[in-house]
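Trainee:
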Amino acid sequence: MTSRRLVIVLAAGCAVSAAAGTAPALAGTGAGPAARVVAERRIDARTLDLTVSSPAVGQRVKVRLITPRGWSRTAKRTWPVLYALHGGRDGYQSWTRSTDIERLAARYDVMVVMPDAGYNASYTNWFNYGRRGKPRWETFHTGELRRLVESRYRGGTRRAVMGLSSGGYGALSYSARNPGMFRYAASFSGPARISQRRMQTSALATVFASGNGVDPLRIWGVPGVHDANWRAHDPYERAAGLRGTRVHLSSGTTGKRGPLDRDLTPEQELVSRFVGGDQERLIGRSNMDLARRLRSLGVRVTTHFYGDGWHQWRYWQREMHSIWPAMMSAIGARRTG
1 MTSRRLVIVL AAGCAVSAAA GTAPALAGTG AGPAARVVAE RRIDARTLDL TVSSPAVGQR
61 VKVRLITPRG WSRTAKRTWP VLYALHGGRD GYQSWTRSTD IERLAARYDV MVVMPDAGYN
121 ASYTNWFNYG RRGKPRWETF HTGELRRLVE SRYRGGTRRA VMGLSSGGYG ALSYSARNPG
181 MFRYAASFSG PARISQRRMQ TSALATVFAS GNGVDPLRIW GVPGVHDANW RAHDPYERAA
241 GLRGTRVHLS SGTTGKRGPL DRDLTPEQEL VSRFVGGDQE RLIGRSNMDL ARRLRSLGVR
301 VTTHFYGDGW HQWRYWQREM HSIWPAMMSA IGARRTG
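In UniProt numbering, the protein residues as written are 1 to 337.
#1: For the beta strand (DSSP E) containing Thr47, name the first residue and the last one.
#2: Relative to the C-alpha of Val210, which residue among Pro55, Asp90, Ser173 and Glu40 is closest?
#3: With a floor of 3 residues, list each beta strand (DSSP E) that falls wholly inside the region 129-179, ordered by position along the chain.
#4: Between which two residues does the beta strand (DSSP E) containing Met114 stretch?
#5: With C-beta atoms as the reference, is Gly255 less than 8 Å away from Tyr306?
#6: Can you say whether Glu144 is buried or exposed, counting buried as having 16 or more other CB atoms within 10 angstroms of its CB?
#7: To the nearest angstrom, how far is it from the Cα of Gly168 to the Cα of Trp137?
#8: Would you kindly work out how many angstroms separate the C-alpha atoms of Ala27 and Arg238, rounded to a whole number?
#9: I want to know whether the region 50-65 touches the region 126-140 - three or more CB-CB distances under 8 Å.
#10: State the Cα-Cα distance for the pair Leu65 and Gly155, rounded to the nearest angstrom.
#11: How is Tyr306 classed by DSSP in three states: helix, strand or coil?
#12: Go through its chain and collect everything with a Cβ distance to Arg42's Cβ below 7 Å, but skip five positions before and after it.
#13: List in chain order: all unbroken alpha helix (DSSP H) runs of 4+ residues lying wholly within the region 234-265.
#14: I want to know whether the region 214-228 touches the region 290-309 - three or more CB-CB distances under 8 Å.
#15: Just verifying my parser: in three-state terms, what is the DSSP assignment at Trp71?
#16: Could you work out which residue in Pro68, Asp278 and Gly180 is closest to residue 347 when comparing CA atoms only?
#17: Counting along the chain, where does the beta strand (DSSP E) carrying Phe188 start and finish?
#18: Out of curiosity, what's the CA-to-CA distance linking Arg231 and Val222?
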């Protein structure tokens with residue numbers, strides 16, 4: 001799709017009544033053909049990489065596990081599980097590459113699961129202009145992968161999920177669309193109101209700008225035409241589904257350079273100014289809206305809206321450390337080191 005066509009389609013879609021929307025899809029956790037682990041690779045004593053053949057996605061998907069002390073696949077017990085979701089233009093190795101999550105996890109009796117979500121990291125079953133079908137990322141993450149973790153790797157049912165950027169959106173959306181699946185959900189700079197027009201345009205433009213040839217309208221549909229599907233995957237619209245889950249939201253709110261935006265390469269600074277400026281401000285506003293809505297619904301929510309700060313890992317590393325003890329407590333993961 002050319003940039004001209006994208007602009008025309010977005011403009012036309014925004015002018016069409018939402019009454020034309022298609023009925024929302026159900027969260028995709030039902031039974032179907034089983035996913036299979038087709039390869040395992042031991043990275044170190046505690047880290048295991050899996051290759052999973054996923055019928056839902058229609059391809060092989062990489063997953064990284066950080067296993068707890070004393071873990072074995074034949075253990076008599078199970079362990080609390082934290083799912084850590086990456087952002088766009090990234091992959092399953094991002095958390096171990098860009099944070100000290102391995103060091104944090106080693107102190108607690110917890111298993112960490114870091115799945116791939118595709119280059120666009122949309123964390124949804126793609127709409128495909130109403131035809132649906134593959135890739136079905138939500139079905140993979142909340143259904144196929146979860147069942148594998150629990151049946152083959154001694155993962156338990158006390159679960160938490162955290163994510164950054166689009167992974168933060170995934171943490172909120174998956175929790176809201178699958179009530180009770182996660183005891184704790186944390187979003188670091190994750191879009192929280194994707195059905196708003198400005199957020200729709202931002203999300204589609206971000207996917208289009210990724211340069212991998214994906215038609216962004218396949219993911220959630222055309223704004224103004226398929227708004228029902230956008231709303232069905234919007235954490236703000238699905239906020240009632242977060243009852244019973246402890247929620248943490250954090251983001252910058254001004255789009256201005258913050259205290260951790262220093263010593264960046266010219267390329268990092270350029271990207272941070274573009275993505276971390278306008279988008280972080282928009283994301284921050286959506287998170288403040290969601291926080292107010294959650295409080296009105298009686299959902300337990302904590303927030304850290306830190307004002308100045310771009311859309312980058314140094315803030316997400318800090319936020320991960322800040323909420324880690326509360327997140328471990330929520331899933332009953334004991335400190336062991």
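C-beta: ideal position from N, C-alpha, C; glycine also.
Small disclaimer: the values here were computed from a predicted structure and weren't measured.
Mentor: Quick look at the numbers:
#1: Thr47: member of the beta strand (DSSP E) spanning Thr47 to Ser54, first to last residue.
#2: Note that residue 210 is Ser in the sequence shown, not Val. Ranking Pro55, Asp90, Ser173 and Glu40 by Cα distance to Ser210 puts Asp90 first.
#3: The region 129-179 contains these whole beta strand (DSSP E) runs: 155-164.
#4: Met111 to Pro115
#5: no
#6: buried
#7: 15 Å
#8: Because Ala27 sits at a pLDDT of 46, beneath the cut-off of 50, its placement in the model cannot be relied upon, and the following sentence gives the value as read from the coordinates. Straight-line Cα distance between these residues: approximately 12 Å.
#9: yes
#10: 11 Å
#11: Tyr306: coil per DSSP, three-state reduction.
#12: Leu48
#13: none
#14: no
#15: coil
#16: With the chain covering 1 to 337 only, the question about residue 347 has no answer from this structure.
#17: Tyr184 to Phe188
#18: If you draw a straight line from the Cα of Arg231 to the Cα of Val222, it comes to about 12 Å.
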